[in-house]
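To start, the structure under review is shown below, and the notes come after it.
In my numbering, the protein residues as written are 40 to 363.
In C-alpha cells form, the structure reads like this:
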C-alpha cells in the first residue's frame, strides 16, 4: 500500500514529539549546568536585597530575615558564599537587577502583570494579601470606595501603586500620593503616630510591625492574594529552574514550613493592651536594669536581651514582684 496505516502516522508523530521534548529537556539541563558552573566559578551568589523586618536585618550575632535565610540556604546548596547588595527601596532594587548588578533580587517582590512584562521572575515562595491600614480609634475606611475620603500615601513603583491604578478605573474619585523616600514600615509608623490617615501594605508586614506600633489596624483586604517571587538577572534566566528544583526539595524536607513558622508563626498572637504596656516598660523600666543585664550577660557569655526577656517573663521588670 502506498498510504501508511493511520497508526504508524500517529506513532511517528508521538515519537517526533518525544524526541523534541527530550532535546528541549537536555538543552535546559545543559543551560542549568552552565549557570550553576558560572556561579560556582566565581565562588559566590550575588543577591540584591532590601533591609526590612520581613526581609533582611542585622541580628545581635548574625544576619536574620525570612528572605535572607532562604537565600543563605540556596547559596549553601550551591556550595558558594552569599554576597548581599542592599538597596533602600523597591524601585532601586528592581532597577539594579534590570542593570544586572547581581544574580537575582529578593525583597518582598510581588509578581504582577506589569512587572512580568519587564522582569524575569523565578518561582513563587510566599503568598501575601494587600490590606488598607489605619490607626485604631480613628475613623475607619469601610471599603475601597470609602478610601476616596482618606489621605493615602504608599510606596512609589510598588505593587500597591499598581493595584490602586487598576482600582481607579472603577473608582475614579480614588486619590493617593506616592513616595520613594519612605519605606512601608515608615508609613506604618506615620499611621501609628496619627500623621497619616491610611496606607496600603501586605498583611504579613502589618502583622509584624503592629508589635512595634500597637494600634495600627487592618480595615479590609484589597483585591486577591498575590505571590512573592525572586527576580532574576535576565542573562541567568535558567537559574529559575535551578531555584524551583531546590525550593521543591527544601519544601518537601519541611525546611520552608519551619522557616515560615520561625518568622510568621507568632504573628497571630496579638494583644493590644499587653503590647502597649510592654512598650511603656521598655521605655521606663528597662533602662534601670539594663546595665545589670549586660554585666551578667558578659560574665556568662549570653545575649543580654535574652536575660532581659526572661526577667520580663518572670517579673515584668517590677522590683516588687515575688515568685509564687
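C-beta atoms are modelled at their ideal positions from N, C-alpha and C, and glycine is treated no differently.
Among the candidates the options, whose CA atom is the shortest distance from the CA of residue i?
i: residue 298; options: 193, 112, 247; result: 112
i: residue 149; options: 84, 324, 339, 159; result: 159
i: residue 137; options: 276, 116, 190; result: 276
i: residue 215; options: 92, 173, 187, 267; result: 187
i: residue 177; options: 250, 337, 234; result: 234
i: residue 151; options: 126, 169, 139, 140; result: 169
i: residue 213; options: 331, 273, 291, 200; result: 200
i: residue 141; options: 88, 193, 198, 103; result: 88
i: residue 259; options: 77, 99, 241, 252; result: 241
i: residue 198; options: 338, 262, 127, 334; result: 262
i: residue 182; options: 194, 127, 239; result: 239
i: residue 143; options: 127, 167, 110, 172; result: 110
i: residue 272; options: 185, 139, 287; result: 139
i: residue 114; options: 126, 95, 96, 79; result: 79
i: residue 192; options: 179, 220, 287; result: 220
i: residue 252; options: 265, 229, 264; result: 229
i: residue 164; options: 190, 289, 180; result: 289
i: residue 300; options: 338, 264, 108, 97; result: 108
i: residue 354; options: 76, 77, 324; result: 324
i: residue 222; options: 295, 326, 126; result: 126
i: residue 118; options: 104, 97, 77, 180; result: 77
Could you have a look at residue i and say whether DSSP puts it in helix, strand or coil?
i: residue 119; result: coil
i: residue 161; result: strand
i: residue 273; result: helix
i: residue 94; result: coil
i: residue 178; result: coil
i: residue 64; result: Confidence is the limiting factor: at residue 64 the pLDDT is only 48, short of 50, which leaves the residue's position unreliable, though a coordinate-based value still follows. Three-state DSSP puts residue 64 in a helix.
i: residue 343; result: helix
i: residue 143; result: strand
i: residue 87; result: strand
i: residue 326; result: helix
i: residue 70; result: Only weak support exists for where residue 70 lies, its pLDDT of 49 falling under 50; the value from the coordinates is given anyway. Three-state result, residue 70: helix.
i: residue 239; result: strand
i: residue 244; result: helix
i: residue 348; result: helix
i: residue 152; result: helix
i: residue 100; result: coil
i: residue 266; result: strand
i: residue 321; result: helix
i: residue 310; result: Caution is warranted here: a pLDDT of 49 is assigned to residue 310, below 50, making its placement in the model unreliable, and no coordinate value can be reported.
i: residue 189; result: coil
i: residue 261; result: coil
i: residue 183; result: coil
i: residue 362; result: Bear in mind that a pLDDT of 49 at residue 362, under 50, signals an unreliable position, so the number given afterwards is only what the model happens to contain. Coil.
i: residue 127; result: coil
i: residue 256; result: strand
i: residue 173; result: strand
i: residue 216; result: strand
i: residue 354; result: helix
Assuming the contact rule is C-beta atoms closer than 8 angstroms, residue i and residue j should be a hit. Round their C-beta distance to whole Å, please.
i: residue 147; j: residue 218; result: In fact, because the Cβ distance is near 17 angstroms, the residues do not count as touching under 8 angstroms.
i: residue 270; j: residue 257; result: Their Cβ separation, rounded to whole angstroms, is 27 angstroms, which puts residue 270 and residue 257 out of contact at 8 angstroms.
i: residue 243; j: residue 303; result: 6 angstroms
i: residue 172; j: residue 267; result: Contact flag wrong, Cβ pair sits at about 19 angstroms.
i: residue 285; j: residue 116; result: 5 angstroms
Could you check whether residue j and residue i sit closer than 8 angstroms to each other, using their CB atoms as the reference points?
i: residue 231; j: residue 154; result: no
i: residue 346; j: residue 162; result: no
i: residue 91; j: residue 196; result: no
i: residue 128; j: residue 194; result: yes
i: residue 342; j: residue 336; result: yes
i: residue 145; j: residue 106; result: yes
i: residue 184; j: residue 210; result: yes
i: residue 344; j: residue 99; result: yes
i: residue 255; j: residue 226; result: no
Does the distance between the C-beta of residue i and the nearest non-hydrogen atom of the ligand GTP fall short of 7 angstroms?
i: residue 344; result: The ligand GTP is not part of the structure shown, which contains no ligands of any sort.
For this session: Say whether the region 75-85 touches the region 119-139, bearing in mind that this needs 3 or more beta-carbon pairs closer than 8 angstroms, one atom from each stretch.
Result: yes
For this session: Mind the definition here: the region 202-211 touches the region 126-135 only if three or more C-beta pairs lie below 8 angstroms; say whether that holds.
Result: no
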